[in-house]
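Trainee:
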Amino acid sequence: MALTQSLPITVLLLMLETVVGGTLVLLFTDFEARASSGFLITSGLIFAVGAGLAYLLRFGYGSAAPTLGPLVAGLTGLLVVYAVLVMLKRRAVARVIGAASVAVGAAVLFRSALLQPSFAAGADLLSLVLATLVLGAAMTALLLGHWYLVTPLLSAQSLRRVTGILLVGLALQVILVIAAFIPVGSGTAVADRATLLLSTYSFVFWFRVIVGLAFPIALGILTWRSCRLRAMQTATGLLYIVVGCVLAGQTAAQALLVLTTVSL
6 MALTQSLPIT VLLLMLETVV GGTLVLLFTD FEARASSGFL ITSGLIFAVG AGLAYLLRFG
66 YGSAAPTLGP LVAGLTGLLV VYAVLVMLKR RAVARVIGAA SVAVGAAVLF RSALLQPSFA
126 AGADLLSLVL ATLVLGAAMT ALLLGHWYLV TPLLSAQSLR RVTGILLVGL ALQVILVIAA
186 FIPVGSGTAV ADRATLLLST YSFVFWFRVI VGLAFPIALG ILTWRSCRLR AMQTATGLLY
246 IVVGCVLAGQ TAAQALLVLT TVSL
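Using this note's numbering, the first residue of the sequence shown is number 6, and each one after it goes up by one.
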């Protein structure tokens with residue numbers, strides 16, 4: 006599949022990975038009970054808008070749109086219900102709805118990924134899970150960073166925890182990149198893979214590694230240290246760059262999957 010043909014699926018995947026991963030991390034902060042209700046409501050509605058945009062762009066699924074459209078609409082509705090229930094102080098029920106939205110979102114992501122001819126089980130599925138975690142954690146961290154401007158006395162531990170989740174996800178993605186060069190099967194296959202990544206598509210590969218992994222890890226560490234010093238405005242500014250780098254890096258990873266069938 007050419008890159009131009011895979012672009013609609015890539016856009017939908019990036020949007021839904023951010024929404025589903027963000028909702029998962031949002032639920033983590035909900036159960037941790039340190040973040041305010043206002044943050045949960047606002048973030049839930051923002052993720053609902055993201056899911057709604059994916060629904061409006063469902064034509065990108067092509068012939069699969071009639072099947073996946075209702076699932077994306079259901080995800081949107083569940084996120085709206087979650088935010089409303091938190092607003093009504095029905096937190097226990099809201100958490101159940103939030104968990105249901107993650108389950109529906111995971112199903113949508115998996116079925117969306119299957120539309121890529123190069124997608125297979127194993128490393129490709131792991132890459133999908135890690136991308137969802139990293140994109141979601143980065144976006145939730147950015148939203149949470151902004152909330153300290155509204156509630157200055159909010160515990161900095163919440164943002165440290167979310168930043169920690171982001172760093173763990175990025176570290177696992179680094180391991181996935183290294184694993185792409187570990188000999189599994191014939192040596193010829195490994196050599197061909199290395200040639201594709203380091204020669205034919207070297208720019209895309211190094212863009213993925215440097216912009217999508219190295220920069221976010223370095224900035225994530227600085228964000229975590231800023232939180233320890235309660236320099237929350239600095240942390241939020243750094244997170245803007247992190248989100249941009251993660252999105253750019255994940256786009257490059259999707260391009261490499263199409264071009265080389267290698268998951269990074």
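Here a beta-carbon is modelled for each residue, glycine too, at the ideal position from N, C-alpha and C.
1. Quick check on the DSSP output: what are the complete beta strand (DSSP E) runs of length 3 or more inside the segment 109-133, in order along the chain?
2. Here's the rule: buried if 16 or more other CB atoms are within 10 angstroms of the residue's CB, otherwise exposed. What is residue 63?
3. With residue 75 as the anchor, note down where its alpha helix (DSSP H) starts and where it stops.
4. Can you give me the start and stop residues for the alpha helix (DSSP H) that residue 60 sits inside?
5. Alpha carbon to alpha carbon, what distance is there between residue 123 and residue 265?
6. Answer with buried or exposed for residue 125, where buried requires no fewer than 16 other C-beta atoms within 10 angstroms of its C-beta.
7. Tell me which residues share the same chain as residue 24 and place their Cβ nearer than 6 Å to its Cβ, disregarding the 5 neighbours each side in the sequence.
8. Excluding the five sequence neighbours on either side, which residues of its own chain have a C-beta within less than 6 Å of the C-beta of residue 66, listed in chain order?
9. Look at the alpha carbon of residue 169 and the alpha carbon of residue 131, and state the distance between them as a whole number of angstroms.
10. Ordered along the chain, which non-local residues of its own chain (more than five positions away) have a Cβ less than 7 Å from that of residue 178?
11. Could you tell me the distance, in whole angstroms, from the CA atom of residue 216 to the CA atom of residue 182?
12. Excluding the 5 residues flanking residue 28 on each side, which residues of the same chain have their C-beta closer than 6 Å to its C-beta?
13. Does the segment 147-163 touch the segment 237-245, meaning 3 or more C-beta pairs lie closer than 8 Å?
14. Which residue from 44, 103, 94, 42 puts its Cα closest to that of residue 26?
15. By the 10 Å Cβ neighbour count, where 16 or more other Cβ atoms means buried, how is residue 197 classified, buried or exposed?
16. Does DSSP classify residue 98 as helix, strand or coil?
17. Between the C-alpha atoms of residue 41 and residue 203, what's the straight-line distance to the nearest angstrom?
18. Residues in the same chain with beta-carbon distance under 8 Å from residue 163, minus the five sequence neighbours each way, listed in chain order, please.
Mentor: Walking through what the data contain:
1. none
2. buried
3. 70-92
4. 42-61
5. 9 Å
6. Label assigned to residue 125: exposed.
7. Within its own chain, the residues whose Cβ lies closer than 6 Å to the Cβ of residue 24, once the five positions on either side in sequence are excluded, are 52, 55, 56, listed in chain order.
8. 73
9. Approximately 19 Å between the Cα atoms of the pair.
10. 135, 139, 218
11. 14 Å
12. Cβ neighbours of residue 28 beyond the five flanking positions: 52, 106, 107.
13. yes
14. 103
15. exposed
16. helix
17. 47 Å
18. 34, 37, 39, 40, 149
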